[in-house]
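See structure below.
Number of protein chains: 2
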Amino acid sequence: MDIGEIARRSGVSRSTVSYALSGKRSVSEATRRRIQAVVDELGYRPNAAARALKEGRTRTLGLVVPPAVGRLTLMQLEFVAAVMEAAARADLDVLLSPSGEDHDRSFERLVTGRRVDGVIVMEIRLDDPRVTRLQEAGMPFVAIGRTSRPQRTCWVDVDYTTLVARCVDHLADLGHRHVALLNRPAPLVASGYGPGQRARQGFVEAAARRQVVGTELCCDDDMAAGERCVVELLHAQPEISAMVTVNEAALPGVQRGLERAGRSVPGRFSIVGVAARYWAEQFHPPLTAADVPAGEMGTTAVEFLIQRIAEPDAPPQQRLLTPPISLRSSTGPAERVR
Amino acid sequence: MDIGEIARRSGVSRSTVSYALSGKRSVSEATRRRIQAVVDELGYRPNAAARALKEGRTRTLGLVVPPAVGRLTLMQLEFVAAVMEAAARADLDVLLSPSGEDHDRSFERLVTGRRVDGVIVMEIRLDDPRVTRLQEAGMPFVAIGRTSRPQRTCWVDVDYTTLVARCVDHLADLGHRHVALLNRPAPLVASGYGPGQRARQGFVEAAARRQVVGTELCCDDDMAAGERCVVELLHAQPEISAMVTVNEAALPGVQRGLERAGRSVPGRFSIVGVAARYWAEQFHPPLTAADVPAGEMGTTAVEFLIQRIAEPDAPPQQRLLTPPISLRSSTGPAERVR
DNA sequence: TTGTAGGCGTTATCAG
DNA sequence: CTGATAACGCCTACAA
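If you read the sequences in order, they're chains A and B. Taking full-length UniProt numbering, the leading residue of the first sequence gets 1, the next gets one more, and so forth. Taking full-length UniProt numbering, the leading residue of the second sequence gets 1, the next gets one more, and so forth.
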């Protein structure tokens with residue numbers, strides 16, 4: 001069934017049907033109704049491919065997700081959901097594409113096959129070949145995260161440097177002198193993962209500024225690793241009385257580790273960090289943390305992308321989010337030195 | 001840049017270029033190379049919309065995900081990842097579509113706008129309008145889960161009835177006489193969610209058969225609910241010595257609840273269930289459970305769908321999975337009655 | 001207010 | 001082995 005079928009059945013020309021549906025030129029009320037009736041009856045919808053071919057746009061957004069989605073954190077998941085919903089609200093579809101590993105073909109199809117009008121790229125590295133590729137292909141895109149030279153690209157990111165520094169400040173204010181940073185997995189950070197690197201930077205700077213002794217720890221994104229890290233850390237350096245964490249997936253393990261080490265929170269240990277609200281609230285006691293607004297980021301990314309597709313030459317929009325730290329119950333004053 | 005550009009630069013006709021790339025008719029080695037060189041140099045790729053229009057297929061699969069993806073369980077997430085990867089391997093793209101709530105337009109675009117060649121629908125209800133819609137639209141699809149009349153549709157599902165019954169058998173064999181079922185959230189089960197209903201059915205039947213006293217408990221999909229449920233249950237019915245769980249998201253909470261109630265596992269309480277392997281292994285002690293093979297299900301779903309698109313009239317394939325229960329360390333003999 | 005006709009980029013049929 | 005040409009279904013400038 002095509003537009004011709006509708007035209008025939010309503011006794012008008014194909015263009016009249018097209019105009020009646022798009023509203024791009026006026027159609028007499030009578031014929032419009034007649035056409036609409038036929039459309040409803042047959043459940044007609046314009047063929048997306050034909051429309052895309054003619055209009056030169058697909059009404060589809062590409063979403064490039066990290067390779068091992070099995071390891072997707074809750075934050076990322078919330079982000080994907082938000083993108084999906086925001087796109088749906090704007091009547092846009094979302095094409096999912098894995099990147100990294102050996103999925104280059106999928107990425108290439110996206111960029112070069114005109115399958116989408118624009119792309120959102122998650123988990124940007126400081127030096128990311130995908131960004132270069134998108135730029136040279138002239139495909140509108142929004143990066144989630146910044147490369148090391150983010151001036152001319154459109155992005156949405158969380159200011160981990162500032163956030164982690166604020167966490168250190170908070171702990172220093174409470175009198176903590178020996179503080180640890182629980183970072184993301186070492187290979188990830190080493191490969192130029194922005195949040196990991198910027199968290200480290202914010203931690204080191206703030207520790208120096210506040211004359212606090214800082215210890216950084218990289219930890220795999222799971223419960224077991226979190227428990228192990230904490231236990232080993234407190235065994236090796238029992239003087240550490242507080243921790244800043246940017247590794248939400250390790251939180252349940254951290255909790256167990258603290259229990260095993262006999263460090264009650266916040267009485268004998270303080271912990272503060274950056275996490276999805278869900279994890280922060282699931283922690284015992286509820287975690288004082290900057291809640292990453294993943295949902296808002298997804299919505300913003302879609303907004304930016306739509307804007308960018310409409311006006312590719314406008315200056316790229318950028319948004320650096322610094323969500324406030326929600327004071328819950330996981331931090332308290334340092335124990336008095338005996 | 002289009003195929004004409006390539007044709008011009010290689011000094012051949014457009015059809016020759018097309019054939020050289022598709023290999024659907026033989027092209028002299030010399031011209032094939034010349035064409036390939038130009039293609040590589042310009043980075044040409046066929047316009048997806050034009051190709052879809054002409055061929056009548058989009059090389060795209062639709063994936064209909066549950067509405068509140070924010071609440072996506074790990075199992076579902078693993079499934080989505082597997083679908084994405086399997087599709088990418090077959091050089092197919094995946095179009096993501098939220099369903100439920102007020103996202104009907106997205107679903108309708110998918111079915112009726114010819115945006116995809118086939119659809120995978122997650123989280124099928126016993127009575128699911130989406131299935132009816134897809135059938136009347138003649139869109140090839142694979143259901144993840146079965147409706148109450150699954151005979152003529154193509155689906156992949158987990159046999160919760162059998163799995164839960166086996167769990168009950170295992171506990172009964174160990175001497176447990178009072179057993180609980182930790183099911184998914186009440187509204188979900190009530191709305192005709194297959195796994196929830198079938199888990200209940202398997203539980204009731206097996207309990208009767210084994211002359212075990214069974215108590216069913218619906219529990220929200222989060223840690224806090226899990227903890228609350230367990231504490232309340234053991235307070236109200238302390239004679240219960242074992243539990244079957246199909247609610248993986250509640251597991252961390254269940255663990256805490258058991259600790260708070262002073263029930264060590266497996267010494268003073270046994271627990272067995274159905275869960276993603278990740279959660280089973282994160283449990284303390286590791287959970288004896290049937291590991292839902294979400295990845296395998298995703299891969300199978302893509303296989304089935306590709307097959308179904310190729311031969312829509314072949315009898316629909318169906319796969320009911322009954323993964324074995326992996327014996328870990330969370331079950332033991334019932335305590336002797338004092 | 002409505003109809004006619006051309007073209008978007010491909011692939012496939014039909015000639016050569 | 002290769003080239004011209006006709007669709008695929010839609011949108012829209014132009015004509016009436």
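The beta carbon of each residue, even a glycine, is placed where N, CA and C say it ideally should be.
Are the C-beta of residue i and some C-beta of chain B separated by less than 8 angstroms?
i        : result
A/Arg338 : Any reading at A/Arg338 must be qualified, since the residue scores a pLDDT of 47, below 50, and its modelled position is unreliable; the value itself is stated next. Closer than 8 angstroms: no.
A/Ala50  : yes
A/Gln211 : no
A/Gln282 : yes
A/Glu123 : no
A/Arg277 : no
A/Arg133 : no
Below 9 angstroms on C-beta distance, what does residue i contact in chain A?
i        : result
B/Leu95  : Thr60, Asp93, Val94, Leu95 and Leu96
B/Thr112 : Gly43, Tyr44 and Arg45
Return the chain-ordered list of same chain residues with a C-beta closer than 6 angstroms to the C-beta of residue i, the five sequence neighbours on each side being excluded.
i        : result
B/Ala290 : Leu163, Val274, Pro323 and Ile325
B/Arg328 : Pro286, Leu287 and Thr288
A/Val254 : Gly226 and Val230
A/Pro312 : Pro140
B/Cys154 : Val142, Phe304, Arg308, Pro316 and Gln317
B/Pro195 : Tyr160
A/Pro252 : Met223
In chain B, which residues lie with their C-beta within 7 angstroms of the C-beta of residue i?
i        : result
A/Pro252 : Pro252
A/Glu85  : Pro98
A/Met223 : Gln282
A/Arg14  : Going along chain B, no residue has its Cβ under 7 angstroms from A/Arg14, so there is no contact; the nearest lies around 16 angstroms.
A/Arg130 : By Cβ distance, chain B contributes nothing, its closest Cβ being about 15 angstroms from A/Arg130, past 7 angstroms.
List the residues of chain B that residue i touches, going by C-beta distances under 8 angstroms, in chain order.
i       : result
A/Ala88 : Ser97, Pro98, His103, Arg105 and Ser106
Taking 8 angstroms as the CB-CB limit, is residue i close to chain A?
i        : result
B/Ala20  : no
B/Leu53  : yes
B/Thr308 : Reading off the sequence, residue 308 of chain B comes out as Arg, not Thr. No, B/Arg308 lies away from the interface with chain A (no Cβ there is under 8 angstroms from its Cβ).
B/Met139 : no
B/Arg115 : yes
B/Arg228 : no
B/Arg328 : no
B/Arg263 : no
B/Arg109 : yes
Could you work out which residues of chain A lie near residue i, taking near to mean beta carbons separated by less than 8 angstroms?
i        : result
B/Arg184 : Within 8 angstroms Cβ-Cβ: nothing; B/Arg184 doesn't reach chain A, min ~18 angstroms.
Leaving out five residues on either side along the sequence, give the residues of the same chain with a beta carbon under 7 angstroms from the beta carbon of residue i.
i                      : result
B/Glu335               : Ser241 and Arg268
A/Arg198               : Tyr160 and Thr161
B/Ser191               : Arg125
B/Phe203               : Val164, Val168, Leu181, Gly214, Glu216 and Val244
B/Ser106               : Ser97 and Pro98
A/Arg263               : Leu234 and Phe269
B/Ala172               : Arg210 and Val212
A/Val116               : Thr58, Thr60, Leu61, Gly62, Leu95 and Leu110
A/Ala34                : According to the sequence as given, residue 34 of chain A is Arg; it is not Ala. Closer than 7 angstroms at Cβ, skipping near neighbours: Ser10.
residue 352 of chain A : The structure shown has nothing for residue 352 of chain A, since chain A only spans 1 to 338.
B/Gly4                 : Arg14
In chain order, what residues of the same chain lie with their CB nearer than 8 angstroms to the CB of residue i, ignoring the 5 residues before and after it?
i        : result
A/His176 : Val212, Ser241, Ala242, Ser270 and Ala334
B/Met1   : Leu42 and Tyr44
B/Thr31  : Ser10, Val12, Thr16 and Ala20
B/Ile144 : Phe79, Ile120, Val121, Met122, Glu123, Ile124, Trp155, Val156, Asp157, Met297 and Ala301
Any idea if residue i is buried or exposed, counting beta-carbon neighbours within 10 angstroms, 16 or more meaning buried?
i        : result
B/Ser330 : buried
B/Arg114 : buried
B/Gln135 : exposed
A/Arg152 : exposed
B/Gly23  : exposed
A/Leu320 : exposed
B/Ala186 : exposed
Next on the checklist: Going residue by residue through the region 29-102 of chain B, where are the continuous beta strand (DSSP E) segments of at least 3 residues, counting only ones entirely within it?
Outcome noted: 60-65 and 93-98
Item to check | Sequence ranges, beta strand (DSSP E) only - wholly within the region 149-203 of chain A, length at least 3 | outcome: 155-158 and 178-183
Next on the checklist: I'd like the ranges of any beta strand (DSSP E) spanning at least 3 consecutive residues and lying wholly in the region 212-250 of chain A.
Outcome noted: 213-218 and 242-245
Checklist entry - For the region 244-298 of chain A, which segments carrying the alpha helix (DSSP H) assignment without a break, of at least 4 residues, lie completely within its bounds, in sequence order? => result 251-260 and 277-282
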